[in-house]
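Student: Below: one structure in structure tokens.
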Amino acid sequence: MTLDTVIFFISAVVAVFGATMMISQRNPVASVLYMILSLVAQAVIYIQLSALFVGAMLVIVYAGAIMVLFLFVIMLLNLRGSEDLGAHSSPISKVTKYVVSILLFVEFVFVIKSVIIGSPVAGLLTTTPPVDDFGSVKSVSMLLFTKYLYPFELTGILLLIAVVGAVVIARRDKADDVEDTHSSTGTEPAKTDEVVTK
Amino acid sequence: MTVPISAYLTLAAVLFGIGTIGVLMSRNIIILFMCIELMLNSANLALIAFSRALNMMDGHVMVFLVLTVAAAEAAVGLAMIITIFRNRETINIDRYSMMKW
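If you read the sequences in order, they're chains P and X. For the first sequence, our numbering assigns the number 1 to the initial residue and increments by one for each residue that follows. For the second sequence, our numbering assigns the number 199 to the initial residue and increments by one for each residue that follows.
What follows is the structure in structure tokens.
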């Protein structure tokens, strides 16, 4: 068992553990933190696959920006984590999701079993040494700005549309604004009471 | 490198499965949203593993594009969550079955 294998197994176990804990938490803040743990473990695996730039970008963009956005929203919504989420689901939806989840689980057990026994892709090892500066910033950006220049420009337009769309969707209406300035003189619980009665 | 690519692909499949099960089981819309991000990430892991095995860098560019789309999706989706929460005062996905009444 070489060092590569040890690093892979440790980070794979941490990634799966973080993902499992993420979906099983009641408190959304804890869920976000477990997601960050899983992302960092995945970044380790990226770097082991000599994708240095993408690994660093995963930590910076995902763990640094997107997950902080999630935390912001959770704190903006002022969730207490004690809301009873199971009160309103119908029995059909409960049964359906358990059955589908168990079927998926069985399917993945078969996938893992076939890999252990030996699948067609098992012959494709990552033993060949990487080409020069594989995964470095320079080689990724060379591809990005020559071969994939058009998708890259489209990405910029997509981000612009997303930013404008997010602002438009999350904006309050003018009428709500007027009510809000009236109610903002009161305390926070009074404000939520007003929304409920409205 | 002594780890075969099938190990990486298995890990990607397991993470994708956890994400799918989370989407099915979760009633909290924020956790459901994070499960979608997890599924995108597992696809990224498969892309990186294949680009390493084939010694082609194109997969890294694909991962870059997927990350950008994920960021845009998170921004718009969280804005929608805020708007729905303002009207419904809940994050329970079962209460969102009707968008208008």
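Here a beta-carbon is modelled for each residue, glycine too, at the ideal position from N, C-alpha and C.
1) Pull up the CB-CB distance for X:L263 and P:T155, whole angstroms please, since I reckon it's below 8 Å.
2) List the residues of chain X that P:F70 touches, going by C-beta distances under 8 Å, in chain order.
3) Residues in the same chain with beta-carbon distance under 6 Å from P:I47, minus the five sequence neighbours each way, listed in chain order, please.
4) For chain P, is any of its Cβ atoms less than 8 Å away from the one on X:V267?
5) Output the boundary residues of the alpha helix (DSSP H) element that contains P:Y46.
6) Go ahead and label P:T187 buried or exposed: buried means 16 or more other beta carbons lie within 10 angstroms of its beta carbon, across all protein chains shown.
7) Looking at the secondary structure, which residues open and close the alpha helix (DSSP H) in which X:A269 lies?
8) So P:L58 and P:A43 are supposed to be a Cβ contact under 8 Å. How far apart are they, rounded?
9) Find the nearest neighbour of X:A244 within the set X:T266, X:T208, X:A273, judged by alpha-carbon distance.
10) By the DSSP assignment, the alpha helix (DSSP H) with P:Y150 in it spans what residues?
11) Ignoring anything shorter than 4 residues or poking outside the stretch 203-252 of chain X, list the alpha helix (DSSP H) runs there in chain order.
12) Is P:V40 closer than 8 Å to P:I74 when the C-beta atoms are compared?
13) The stretch 246-258 of chain X: which residues have C-beta closer than 7 Å to a C-beta of chain P, in chain order?
14) Contact check, P:A15 vs P:S38 under 8 Å by CB: the rounded distance?
15) Suppose contacts are defined by Cβ-Cβ distances below 8 Å. Is X:L236 in contact with P:V100 by that definition?
16) Can you check which of these residues, X:R250, X:A247, X:L238, X:G215, is closest to P:L103 by C-alpha distance?
17) Would you tell me roughly how many angstroms separate the C-alpha atoms of X:L257 and X:N242, rounded to the nearest one?
18) Taking P:M22 and X:M232 to be in contact with their CB atoms under 8 Å, please state how far apart those CB atoms are, rounded to whole angstroms.
19) Could you run through the stretch 162-175 of chain P and flag, in chain order, every residue whose CB is less than 7 Å away from some CB of chain X?
20) Determine the direct distance from the alpha carbon of P:L69 to that of X:G220, and round the result to whole angstroms.
21) So the alpha helix (DSSP H) P:V13 belongs to, where does it begin and stop?
22) Just checking: is the beta-carbon of P:I74 within a distance shorter than 8 Å of some beta-carbon in chain X?
23) Apart from the five residues just before and just after P:V140, which ones in its own chain have a Cβ nearer than 8 Å to its Cβ?
24) Is the beta carbon of X:G217 sitting closer than 8 Å to the one on X:S240?
25) Let me check one thing: in DSSP terms, what residues is P:N78 bridge-paired to?
26) Cα separation between P:V163 and X:M278?
27) So, with DSSP's three-state summary, where would you put X:M296?
28) Whose CA, out of X:A269, X:L230, X:M297, lies closest to the CA of X:I282?
29) Give the residues of chain X in contact with P:P148, contact being defined as C-beta atoms less than 9 Å apart.
30) For X:L238, which residues of its own chain have a beta-carbon under 7 Å away from its beta-carbon, when the five flanking residues on both sides are left out?
31) May I have the straight-line CA-CA distance separating X:V274 from P:A166, to the nearest angstrom?
32) If the cut is a Cβ gap below 8 Å, which residues of chain P does X:A205 touch?
Tutor: Concretely, from the data shown:
1) 6 Å
2) I228, F231, M232, A272, L276
3) G55
4) yes
5) 28-48
6) Because the pLDDT at P:T187 is just 43, under 50, the model does not fix this residue reliably, and the value given afterwards should be weighed accordingly. P:T187 comes out exposed.
7) 256-286
8) 5 Å
9) X:T208
10) 149-170
11) 203-223, 227-251
12) no
13) I246, A247, R250, A251, N253, M255, D256, H258
14) 5 Å
15) no
16) X:G215
17) Checking the sequence, you will find Gly at residue 257 of chain X rather than Leu. Cα to Cα, X:G257 sits roughly 8 Å from X:N242.
18) 6 Å
19) A162, V163, G165, A166, I169, A170
20) 20 Å
21) 3-24
22) yes
23) F53, V54
24) yes
25) DSSP lists no partner for P:N78.
26) 13 Å
27) coil
28) X:M297
29) It should be pointed out that residue 148 of chain P corresponds to Tyr in this sequence rather than to Pro. Near P:Y148 (Cβ distances below 9 Å), the residues of chain X are D256, V259, M260, F262, L263.
30) V264, A268
31) 5 Å
32) F8, A12, V115
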